[in-house]
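Asks: Here it is, the structure, as structure tokens.
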Amino acid sequence: MEDLANYRKILHVDMDAFYASVEQRDDPSLLGKPVVVGGRPNSRGVVSAASYEARKYGIRSAMPVAEAARRCPDAVFLPVNFKKYREVSWQIREIFLTYTPMVEPISLDEAFLDVTGSTRLFGPAEDIALTIKLRIRQELSLTASVGFACNKFLAKLASDLKKPDGFVVVHPDKVQEFLDPLPIERIWGVGEKTAEQLHSHRINTVKDLRSLELKFLTKLFGSLGSQLYQLARGIDDRPVESDRVVKSIGRETTFESDIRDGDFLEKTLLMLAIDVGRSLRKEALRGRTVTLKVRYDDFRTLSRSRTIHRATDLDDVIFQEACSLLSELSLKQPLRLIGVTMSNLTDQHENQISLFEEPRLERENLTKVLDLVKEKYGEKSITRARLL
1 MEDLANYRKI LHVDMDAFYA SVEQRDDPSL LGKPVVVGGR PNSRGVVSAA
51 SYEARKYGIR SAMPVAEAAR RCPDAVFLPV NFKKYREVSW QIREIFLTYT
101 PMVEPISLDE AFLDVTGSTR LFGPAEDIAL TIKLRIRQEL SLTASVGFAC
151 NKFLAKLASD LKKPDGFVVV HPDKVQEFLD PLPIERIWGV GEKTAEQLHS
201 HRINTVKDLR SLELKFLTKL FGSLGSQLYQ LARGIDDRPV ESDRVVKSIG
251 RETTFESDIR DGDFLEKTLL MLAIDVGRSL RKEALRGRTV TLKVRYDDFR
301 TLSRSRTIHR ATDLDDVIFQ EACSLLSELS LKQPLRLIGV TMSNLTDQHE
351 NQISLFEEPR LERENLTKVL DLVKEKYGEK SITRARLL
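The opening residue of the sequence shown carries number 1 in the UniProt record's numbering; numbering runs sequentially from there.
Okay, structure coming up:
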């Protein structure tokens, strides 16, 4: 076996059925029951998470909630509680940061960790991984699956192989032994259409894929072909990026029934703008580009964007721009979804000072007070009169 000291030591930590597991932990009566997080059974939302008991019925993330209810009428259906999941995610991240500053969150429930420089202080990387798993179980009453390898691609694959509560190590001299039997669908970038093309050439496993020449793959798939060639050999040089730049912050909602009423849509935009503004302030960011997204009842999806002169994190400004964009769209057809996103982000302190600061500063101070009240007394402790 090759000496691990010569390789990067990368962990991929993936929480098991995260949202559903948090709900089962907080309500012990749900333990052992099929739990679906995503909305009421008659809603038009999609499944955000399904407990392992629910997965036995074929229920998966992104499946329509109505389909999940058809497959398992006795399942417990719960709304998504992002505030709770974010808080637990931060608790998990605090555990990660105990062992390395090189943490790259991918979502609320998964992250890459580079523990290459941590072994002198905390011992072998495998011990660090097992300690993290143990602390998550003991301190948060949740389970995580961990993959350990010399790069991100292999660590991610490894973490997914023995869920739940898995731990898989891919040693550098066992990479092809690990990869070759896997179906090609396990490779990043191989979606349904790419898989169909590969199957048509009798390429079903990673070993089959590795038999193809680079020239053939690039002719077939362009730049993706080069990526497939590298990944089939377990090659991935991407570093763990501990300070990933947030490129956009957005929120959207799918209506229970199709909506064409302008006043209702504006109220919804206000709620979304408030949520986006608060998220920007939490991240100490401001945005200059407002994007409105709508989906009509026939599933046609449109988006419209506008870049404003001065970056902002103020709810009212985001709301006003979103409403202006909405007014430019046809509402002859009802909408089933609406969303607001802020992009072109910048640090709060990078904005140019205006000659007319006082009114804006008053609004900023008021917004900060509202944020503090909600943090201390809950989301419903104070709200806009229009939303009552």
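The C-beta atom is built at its ideal place from N, Cα and C for all residues, glycine as well.
Considering only the beta carbon of each residue, do Ser-61 and Ala-50 sit closer than 8 Å?
Replies: Taking 8 Å as the Cβ cut-off, Ser-61 and Ala-50 qualify as a contacting pair.
Asks: Return helix, strand or coil for Phe-299, following the three-state DSSP convention.
Replies: In the structure shown, Phe-299 sits in coil (DSSP, three-state: anything other than H, G, I, E or B).
Asks: Just list the residues that DSSP pairs Gly-250 with in beta bridges.
Replies: In the DSSP output, where bridge partners are listed per residue, Gly-250 has Thr-341.
Asks: Quick one, which of Gln-24, Met-102, Glu-110 has its alpha-carbon nearest Val-76's?
Replies: The shortest C-alpha separation from Val-76 is found at Gln-24.
Asks: Start and end of the beta strand (DSSP E) containing Leu-11?
Replies: 10 to 15 is the span of the beta strand (DSSP E), which, as asked, contains Leu-11.
Asks: Determine the DSSP secondary structure at Ala-129, reduced to helix, strand or coil.
Replies: DSSP places Ala-129 in helix when its eight states are reduced to three.
Asks: Is the beta carbon of Thr-286 less than 8 Å from the beta carbon of Thr-312?
Replies: According to the sequence provided, residue 286 is Arg. The question's Thr does not apply to it. Yes. Within cutoff.
Asks: Give the secondary structure of Glu-192 by DSSP, where H, G and I count as helix, E and B as strand, and everything else as coil.
Replies: Three-state DSSP puts Glu-192 in a helix.
Asks: Taking Leu-329 as part of the alpha helix (DSSP H), name the residues at either end of that continuous run.
Replies: Neither: Leu-329 is in no alpha helix (DSSP H) and is coded neither H nor E.
Asks: Quick check on Ser-159: buried or exposed, where buried means 16 or more other Cβ atoms within 10 Å of its Cβ?
Replies: By the 10 Å Cβ count, Ser-159 comes out buried.
Asks: If distances are taken between C-alpha atoms only, which option among Pro-239, Ser-242, Lys-282, Val-294 comes closest to Glu-266?
Replies: Ranking Pro-239, Ser-242, Lys-282, Val-294 by Cα distance to Glu-266 puts Val-294 first.
Asks: Give a yes or no on contact between the region 169 to 180 and the region 206 to 219, applying the rule of three or more CB pairs nearer than 8 Å.
Replies: Output reads yes: the region 206 to 219 touches the region 169 to 180.
Asks: Could you tell me which uninterrupted alpha helix (DSSP H) segments, each at least 4 residues in length, are contained entirely in the region 27 to 114, listed from first to last along the chain?
Replies: Within the region 27 to 114, the complete alpha helix (DSSP H) runs of at least 4 residues are 52 to 55, 65 to 71, 82 to 99.
Asks: In whole angstroms, what is the alpha-carbon distance linking Leu-269 and Leu-292?
Replies: Rounded to the nearest angstrom, the two C-alpha atoms are 9 Å apart.
Asks: Inspect the CB distances between the region 4 to 13 and the region 112 to 131 and report whether three or more fall short of 8 Å.
Replies: They touch, by the three-pair rule.
Asks: Measuring straight from C-alpha to C-alpha, what distance separates Lys-83 and Thr-218?
Replies: Approximately 44 Å, taken between the alpha carbons.
Asks: Can you list, in chain order, the residues of its chain with a C-beta nearer than 6 Å to that of Asn-6? Leave out the 5 residues immediately preceding and following it.
Replies: No residues qualify anywhere along the chain.
Asks: Looking at C-alpha atoms only, which residue of Arg-238, Arg-135, Lys-162, Thr-253 is the closest neighbour of Leu-272?
Replies: Ranking Arg-238, Arg-135, Lys-162, Thr-253 by Cα distance to Leu-272 puts Thr-253 first.
Asks: Suppose you measure from the CA of Tyr-296 to the CA of Pro-334; what does that come to, to the nearest Å?
Replies: Near 6 Å, if we compare the C-alpha coordinates of Pro-334 and Tyr-296.
Asks: Leu-292 bridges to which residues according to DSSP?
Replies: Looking at the DSSP assignment, Leu-292 forms a beta bridge with Arg-304, Val-340.
Asks: Can you tell me whether Ile-59 is buried or exposed? The criterion is at least 16 other CB atoms within 10 Å of its CB, across all chains shown.
Replies: The residue in question, Ile-59, is buried, as its Cβ has 16 or more Cβ neighbours within 10 Å.
Asks: Whose CA, out of Gly-45, Ser-141, Leu-326, Val-47, lies closest to the CA of Asp-27?
Replies: The candidate whose alpha carbon is nearest that of Asp-27 is Ser-141.
Asks: Within this structure, are the beta carbons of Tyr-19 and Val-37 separated by less than 8 Å?
Replies: Closer than 8 Å, so yes.
Asks: Does DSSP classify His-309 as helix, strand or coil?
Replies: Correct three-state label for His-309: strand.
Asks: Should the region 97 to 109 be called in touch with the region 234 to 243, which here means at least 3 C-beta pairs below 8 Å?
Replies: Result yes; three or more Cβ-Cβ pairs closer than 8 Å.
Asks: Phe-167 bridges to which residues according to DSSP?
Replies: Note: Phe-167 sits in a beta bridge opposite Val-146.
Asks: Using only the alpha-carbon positions, how far apart do Ser-279 and Ile-249 sit?
Replies: Their backbone Cα atoms lie some 7 Å apart in a straight line.
Asks: List the whole-angstrom C-beta distance separating Val-80 from Ala-54, where the pair is believed to meet the contact cut-off of C-beta under 8 Å.
Replies: Wrong, their Cβ atoms sit about 15 Å apart, outside the cutoff.
Asks: How is Gln-333 classed by DSSP in three states: helix, strand or coil?
Replies: Residue state, collapsed to three classes: coil.
Asks: For a test of the three-state rule: what should DSSP assign to Ile-259, helix, strand or coil?
Replies: Reduced to three states, the DSSP call for Ile-259 is strand.
Asks: Put Asp-316 into one of helix, strand or coil per three-state DSSP.
Replies: Three-state DSSP puts Asp-316 in a helix.
Asks: Ile-15 and Ala-144: beta carbons closer than 8 Å?
Replies: The sequence as given places Met at residue 15; Ile does not occur at that position. Result yes, Cβ atoms of Met-15 and Ala-144 sit closer than 8 Å.
Asks: Considering only their Cβ atoms, is the gap separating Leu-314 from Gly-277 smaller than 8 Å?
Replies: Result yes, Cβ atoms of Gly-277 and Leu-314 sit closer than 8 Å.
Asks: Excluding the 5 residues flanking Ala-149 on each side, which residues of the same chain have their C-beta closer than 7 Å to its C-beta?
Replies: Taken in chain order, the residues that qualify are Ile-10, Ala-155, Ala-158, Val-170.
Asks: Terminal residues of the continuous alpha helix (DSSP H) containing Arg-210?
Replies: Note, Arg-210: alpha helix (DSSP H), 206 to 210.
Asks: Between Gly-39 and Val-22, is the Cβ-Cβ spacing less than 8 Å?
Replies: Going by C-beta atoms, Gly-39 is not nearer than 8 Å to Val-22.
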